[in-house]
Amino acid sequence: MTKKNHANKHGMQTLSIPCPTAVRLPPFSSRFPARNTRNPCAFPCETAAFSAQTPAVPLKAHAVPPLPSVDSHRNAPRTRACASSNSATEPAFSAHQRNARDNKPMQLSTTAIPAHEKGAREPLTLYYLVFVFTVCSILGLILETVVSYFVDGRWESRVGFIWGPFSPIYGVGGVLITLALHRFENASPLVIYAVSAAFGAAFEYFAAWFWESAFGIVAWSYIDQPFNIGGKTCLGIALVWGLAGLAWVKLAAPVLKEASKAVPRAWREPLAWALLIFFLADAATTMLALDCWMYRLNGLEPEGALQQFFAQHYGDGAMQAKFETMSIYPQLATLRG
1 MTKKNHANKH
11 GMQTLSIPCP
21 TAVRLPPFSS
31 RFPARNTRNP
41 CAFPCETAAF
51 SAQTPAVPLK
61 AHAVPPLPSV
71 DSHRNAPRTR
81 ACASSNSATE
91 PAFSAHQRNA
101 RDNKPMQLST
111 TAIPAHEKGA
121 REPLTLYYLV
131 FVFTVCSILG
141 LILETVVSYF
151 VDGRWESRVG
161 FIWGPFSPIY
171 GVGGVLITLA
181 LHRFENASPL
191 VIYAVSAAFG
201 AAFEYFAAWF
211 WESAFGIVAW
221 SYIDQPFNIG
231 GKTCLGIALV
241 WGLAGLAWVK
251 LAAPVLKEAS
261 KAVPRAWREP
271 LAWALLIFFL
281 ADAATTMLAL
291 DCWMYRLNGL
301 EPEGALQQFF
311 AQHYGDGAMQ
321 AKFETMSIYP
331 QLATLRG
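Just so we're aligned, residue 1 is where the sequence shown starts under full-length UniProt numbering, counting upward by one.
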């Protein structure tokens, strides 16, 4: 064994000790064949052949810049409220990182919400419309009955359907005014009043025209009121409709929306469809009963099984007691020819 001293470029002596015995090992690729990354299922011989044919590509080392330290920027001057990502003096931080850096609690945004987003309208569902129809039909009937008692001095039946304590004129009016004023919920009171007055007067005129032209029924008349239109509506009742619409949007509608939520969500759709089918059947039965009643008032005998059925179960006396406030004039039914 020999020792040799060598001087490096700095003038320092280095000691070189050769190995007494040299052991030659086989190449690394022969001991551990490289895995074929393109075909992992290939045999080692195929992998070795592929490695021998493919030249080695040298890897390049890239310098990774260190992450910015929070403490290093604690006392750094800030010229803007929020540093941009292209800033050369200060890296961009999120709101949470900036607050952690400045030892400040997280602040919530106080940006003003636009006026059109404060009272976002809830979509109208079938369940809610059926709920409005039911409530308005019952409450309208009760209110009209009580008011008519103080006006006429006696209790009268003012129902509008054959089955149940319902007055459909109020139910339909509630649904239509809900649909008409839904987009005006956040409008000014003057706009709501004007739309309600115009819509209410138009609805009342059309309803009176339909009952009179289809069945000869005069349900109400404003012939003695000033500024009336054919006795079917008038200016005074239009002003009342305006107040009713304003009260509906500001008072009644919010209460009904909260009351409708009392029903469990899983029951709402089945209940809505059940009530809708019932009301449609009730309306169809009422229409047929009124038609057969007017047929008998004209002095004609019932013909066919349907007219005989209604004459037996809903005769003149039963219909008069049910709809005692209705005045029927068959000659006014112009739609019947």
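Virtual Cβ for every residue (Gly too), placed ideally from N, Cα, C.
If you're wondering where the values come from, they're calculated on a predicted model, not measured in any experiment.
Item: DSSP beta-bridge partners of Val218; Value: Ser327
Item: Straight-line Cα distance separating Val147 from Gly153; Value: 10 Å
Item: Closest residue to Val175 among Val159, Leu300, Pro270 and Phe199 (Cα-Cα distance); Value: Phe199
Item: Sub-8 Å separation of Ala194 and Trp241 beta-carbons; Value: no
Item: Where the alpha helix (DSSP H) containing Tyr314 begins and where it ends; Value: First-last for Tyr314: undefined, no H or E at that position.
Item: Anticipated Cβ contact below 8 Å, Thr286 with Glu156, distance rounded; Value: Not confirmed; about 18 Å, so no contact.
Item: Length of the line joining the Cα atoms of Phe323 and Glu144; Value: 14 Å
Item: Three-way DSSP call (helix, strand, coil) for Ile223 in this model; Value: coil
Item: Alpha-carbon to alpha-carbon, Arg265 and Val151; Value: 42 Å
Item: Three-way DSSP call (helix, strand, coil) for Thr125 in this model; Value: coil
Item: Closest by C-alpha distance to Gly171, when choosing among Gly231, Gly140, Arg183 and Pro123; Value: Gly140
Item: Through-space distance from Leu288 to Pro330, alpha-carbon basis; Value: 15 Å
Item: Close beta carbons around residue 341, own chain, < 7 Å, minus the five adjacent residues each side; Value: Residue 341 cannot be examined here, being either before or after the span of the chain that is shown, 1 to 337.
Item: Member of Tyr205, Ala247 and Gly245 whose CA lies at the smallest distance from the CA of Ile229; Value: Tyr205
Item: Alpha helix (DSSP H) segment containing Thr334, residue limits; Value: No alpha helix (DSSP H) contains Thr334, which DSSP labels as neither H nor E.
Item: Bridge partner(s) assigned by DSSP for Asn228; Value: Cys234
Item: Among Gly304, Asp282 and Arg296, nearest to Gln320 - alpha-carbon criterion; Value: Arg296
Item: Three-state class that DSSP yields for Pro302 in the structure shown; Value: coil
Item: Proximity below 8 Å, CB of Ile192 to CB of Val135; Value: no
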